[in-house]
Every structure is written in C-alpha cells, then in structure tokens.
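Numbered continuously in full-length UniProt numbering, the sequence shown closes out at residue 601.
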Amino acid sequence: MVERLNKEPDIRENEAFENWGGTVQTTLDHLLYAPKTVEEVQKFVESAKAADKSVRCNGFCHSWSSIFGDNQQYQISLLTKKLIKSRLTFQDCLDKAAKLKKTELNQIEVVGKDEATGKGLIRLGAATLNAQFLNWTNQQLSSGVEELWALPLNVIMIEITFAGSNAPICHGAGINTQTLSDLVYELEYIDCNGKLQKFKADSDSSKLLMQSASGCFGLLGVVTHLTLKADPMTYAHFTTFKEDILEAVPYPSDYDSQINGSQLPREVKKAYSKMSLQDKQQAFAKFAQRCEESYYSEFFWFPFQSKSYVLAWKNDANKSDAVGNHLSSKLSEIGSAAIQAIMTTAQNLIPKDKRQKLEVLTAKVFGTLAMAQLKTYDTSVQLMEALHFRRGIQNFEVLDMEVEIPLPKLANGSIDWSIAHKAWWDVIMRVYEIKKKDNRAPMKVALEMRVVGLSEVTLSPFRVNQCDSQSDIGAFCSIEVLTIGANHCTYESKDEYLKEWETFCQDIFERWCKYRDYNGNIIYPRPHFAKQWEFLKYVHPETKVSQDIKTYLKNTVLKERIPQFRNDLEEIAKQSNPPFSFEDMKKRFHNQTLSEFLFSE
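Spelled out as structure tokens, the structure:
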C-alpha cells in the first residue's frame, strides 16, 4: 500500500483536493503524498519557502472545516491517495495497517516514563493510524510485555492519523478525561525554514508553553512525531443499551409547559404525562449517575425513533474477563455502508421532483436501519477496543456540526445536567417541528451527545475561559447533529441541500446559545474546530446582536486566550535551536481561515 522506500517522493502539481465530508475543494500548487522520511518533509517545506507558499497538512481528511491548504498553496498528505479514498471494513483496515511499510513517520515506540507522573511516554509518527496503534496494543497484550500502556482517550475512527486527530484540539470523551492535546509531552516538527525542531514539556515553564504548542492547528510547523503520555493498560466493562427516549435523556422539567403544544409524537406526550414526579426524578438521577460515574458516556438518537442508543461503561474490568479483541463482526461493519447505499439507491429511483417530499420517509427508514444494526453489549475488552467501539463509520460520508456547551455547577456543587437535557431535546423538538410544518428532515443521520472533562490546552473549546468566570463550569456537553454528505444528497441542487442544512444548524446553534446558569448568567457555547462551524453566527440572547462566529470567538470566548496563544508561539520560536521568526512561521503555515480567526485584529 505504501510506496517502496527507494522511490522518489510522490509530489503532484495542480492537484485537486477534496476532504472526506465533501465540504472543502481546492486545487493545490503542490501536494506531497505519504512522505516516508523527515528529510522529505524538510525539503518540501524548503521548496514552499522558495516559492513563497504556505504549507498545510492532511491526514485521513476527516475534518469538515477549512483547516487545509488554500488554493494554489502547498500541502502534505500524510497518507497515500489510495488509502484516503479507500472504503474498508474495520478488519480490512487493521489488516492493511499491519502491512503498511514502516517509515520514519508511522512508527510507534515506548521511549520511557514521565518522572513527574509515572506515565508511559509513547513516541508516535505523525502518519501513524489509530488502526496501527490498536494493532500495537493488542500485540503488546499477546507478547507478554511486562509494562502495557494505553491512551486514556482517543478518537473513535481507526483510520485517522495521530497528527490529524491532535491538531484541532477537540477530541476527547469522558468526564474525567481531557483531550488528546492534553496528553502531548513532546512535539517534533519542521519549522518555517525547513529545520527539525523539538519541544518538550519537561519544566514548569515549558509545560505552560506546551498548552499552546500541543494544539496549534499546525501553525508551529509540520509535526513529524508526537510523544504522548499513556496510562497502564486497563480493561473496560463495555455496556450499551437501547432505551426509550424519555428514559435515556430525560425531558427537561423546565419545558413541561411546552410539551403539549410541541410537535413531538403523541405516544411520547402520552408516556410523559403518565410519568410521576418520582419517575422523572429517577430518570434525572440515572442520567447524572451515568455521566458522573461512567468512564465513558455517549447518547445517540436517530431520526424519528422512539428509542435512543446509550453507551455508559466503566473502566474497571479484569484482564481475565476480557474476551476477544474486536467488538463487532465484519457483517455489522458492512451495515453502515450498506445503509447509505440503500438510501441513495432508493432515492435515485424516486423522481427528482418528489425526492424532497419523501425525505421524512427516507430519514425514518435510515433511523430504523441504524438502530437495527447497532448491537447491545455487556462484555469486557481492553480499553483501546472500547474507545474504538463504532466500526465502519468512515464509509458513511456525512455533514456534521458539533458544539461544546459548558455545564455549570449548581449552588450545591453538583453539575447542572438540565443544560444537556435542554440541548438534546431542543434538537428533537425542532426536527419534529420541521417535519410537521414543511414535511422535511434536514437532520437525516443522527443526534449525538457525550460528556467531556476540562482541558488545559490554550485554545481548546473545553477550556474554562474568562467569559465563563461568572459560572463554575464542571464539564462540557459535546453535542452534534449529522446528515447525509452533500456528495450523496439527492436534491436537484447541491447548493439548496447545503443551504437547508446550514439553516438548520444555525437555528439549533441559536437555541444552544440561550441557556443560562442557575444565577441567570449567560453560557457561551463554542464549536468543535474540525467540524462545520465557519458559516455560523452568534446571536446574543439579550441584545439580539448578530456577529460571525470568528468575531464571537475572538472577542468573547477566546478573548484572552488568542493573545496568550500568539505570545506562547512567539516565545517557542525564540527559544528554538536555531531560533525562527514568528512572522515567518505565520506566513509559512497559515491559511485564510486561521489567519482571520487567530491573527487578524
């Protein structure tokens, strides 16, 4: 799959590029595919400097926002074009990952321990796939190695590279865990002059600077290796459930007066009317317990379904109880791709002028098929297997908006979980409102929600900032809405499809921005930077003044963090050996979106 080491670098001129979700299309002046050595990356950056071009990178291209290279600039793809475009089952991906030729940029090695914490230090090449790391952990288990290490958190998809999942600062899950960027101990990167640099968090001052360096969107340089802090291998008691939607995520008591006038299904209203105060309190208590006591908790609702899919598992199983390596069969993995194929084929058989009118039906069919192919579990597996629980999702292209909503504490010190309930049910009620009014279904795939702990990374959306100071933030509600990818839509106009989706996202985002803590203080949601967010506008819940999302982030959410971020990167540039210019760094590794977001006044 990977080219032989003795071949010339695969550099293509005027190369068309499209990301996984079909939201970014560019033509790149030069694109380097799958570099095999640090020297190849250095020479490519040097050539970009000589041509006065910027350099950006991509991994599996599984980001929806404009964090890639601009038109007629340079870009490095950490993977081959063939691998990026392939559609593999989970086992196929593991098999192919095992056969990837070892290069400088995809190797895994334990390099020691962090003396301060006792955590293992694992050095990963930037191009290392999560599939390779999962294979590595299973090989460690079977080889009888005395000290076994695992990451405490990870992205779900095994196709994604470690550099690609770390750069946007947003990947994490679990109330007691942070983000991947919080785990970074050392970065190795190529600077704006093509020099190899290393930055390690081994002192109090460097640890503070690493809070900006570890999650910098690739602006410091082209990362070649990351060293991450790992925990001793543990085993998950992996449990999942299919529950009534009123039981999985309780309907907010603040919304009691709205339910009868809502467009929720009659059976939902009837079931809610029969719930006693004690029933409601028990549902609230169970939700809070799952979020607070589970190592990992996540909730799914598929369009127009009466049940939700819930993951709530603990990391307390015994090694002797762990069974097998993989949670799903090849047949169930194929299900995800099969659903999309069925949906697309069925819609193509419908006359174009009737497709939009029947989209509620197709969304219902999707929801039914999705729930049917999801399995329930009560088993024990090694931690990395549990973190990669969803299989085959890389074969289902979607549009995706995700927002991180701060969850403040109540007067008694407990987290106000009602904010998460409102965020969840505001989406469900809006979906049914649109169905009733327009017979449309802009959210055709899923609503997902998980709980994430507080981050220390400077620009992380999970960090508590000055704007949050009036509320005591205890965790974040990470919530997202997904629909079928624009490249697979069956509307006559792709632009019309995208406009409908973006209108829906804006509507939902405005609802999420209206929440307050128990003292009446405004809560400030922020976007997941790798998902769709650039088209959003923030509407202030009191003044109703609207501003674009980048202005909102610069002037409110990250008001004190962006200057800190710039100062930290400038200090790292000065301390480097040899030093490099902060201005040259910006020029070499920026793109338009990041410049507007982080470097414009």
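Glycine included, every Cβ here is placed at the ideal spot set by N, Cα and C.
His30 is not a Cβ neighbour of Arg123, given a cutoff of 9 angstroms. When DSSP states are grouped into helix, strand and coil, Ile522 belongs to the strand group. When the beta-carbon positions are compared, Leu447 and Glu500 stay at least 9 angstroms from each other. Exposed is the label assigned to Lys375, since fewer than 16 other Cβ atoms lie within 10 Å of its Cβ. C-alpha of Phe582 to C-alpha of Phe599: approximately 12 angstroms in a straight line. Lys242 places its beta carbon less than 9 angstroms from that of Tyr309. Val41 and Ala230 have their C-alpha atoms roughly 27 angstroms apart. In this structure the stretch 403 to 414 does not lie against the stretch 256 to 265, because fewer than three pairs of beta carbons, one per stretch, are closer than 8 angstroms. Around the beta carbon of Val184, 16 or more other beta carbons lie within 10 angstroms, which makes this residue buried. If you draw a straight line from the Cα of Ser276 to the Cα of Ala283, it comes to about 11 angstroms.
Taking Gln107 as the centre and dropping the five residues before and after it, the same chain places the C-beta of Gly125 closer than 6 angstroms to its C-beta, in chain order. Ranked by how close their Cα comes to the Cα of Leu209, the residues Pro232, Val403, Asp182 have Asp182 in first place. Every beta strand (DSSP E) of 3 residues or more that sits fully in the stretch 258 to 338 is shown, in chain order, as 296 to 301, 307 to 317. CA-to-CA, the gap between Ala167 and Phe217 works out to about 5 angstroms. According to the DSSP secondary-structure assignment, Ala167 is paired through a beta bridge with no residue. For the pair Leu358 and Val398, the Cα-to-Cα distance works out to about 19 angstroms. The beta carbon of His590 sits closer than 8 angstroms to the beta carbons of Ser54, Leu219, Phe599 from its chain, once the five residues preceding and following it are set aside; these are given in chain order. Cys291 is not a Cβ neighbour of Ile405, given a cutoff of 9 angstroms.
Pairwise C-beta distances place the stretch 487 to 498 out of contact with the stretch 424 to 438, as fewer than three of them are shorter than 8 angstroms. Asn176 is positioned such that its CB atom lies no closer than 9 angstroms to that of Gly367. In the DSSP assignment, Leu387 falls within the unbroken alpha helix (DSSP H) covering 383 to 387. Within the same chain, Cβ atoms closer than 7 angstroms to the Cβ of Glu104 are found at Lys36, Thr37, Val38, Gly125, the five residues on either side in sequence being excluded. Annotated three-state conformation of Glu404 is strand, per DSSP. Segment contact: the stretch 13 to 30 against the stretch 55 to 67, three or more CB-CB distances shorter than 8 angstroms; contact assigned.
Taking the CA atoms as reference points, Gln73 sits about 15 angstroms from Leu594.
The three-state secondary structure of Thr234, taken from DSSP, is coil. Take the alpha-carbon of Thr503 and the one of Phe302: they are about 20 angstroms apart.
Unbroken beta strand (DSSP E) runs of no fewer than 3 residues, entirely contained in the stretch 421 to 472, are found at 446 to 452, following chain order.
Only residues of its own chain outside the window of five on either side were considered, and among them Ile522, Ile523 have a CB closer than 7 angstroms to the CB of Arg516, listed in chain order.
For Phe68, the three-state secondary structure derived from DSSP is coil. Going by DSSP, Val365 is part of the alpha helix (DSSP H) stretching over 359 to 373.
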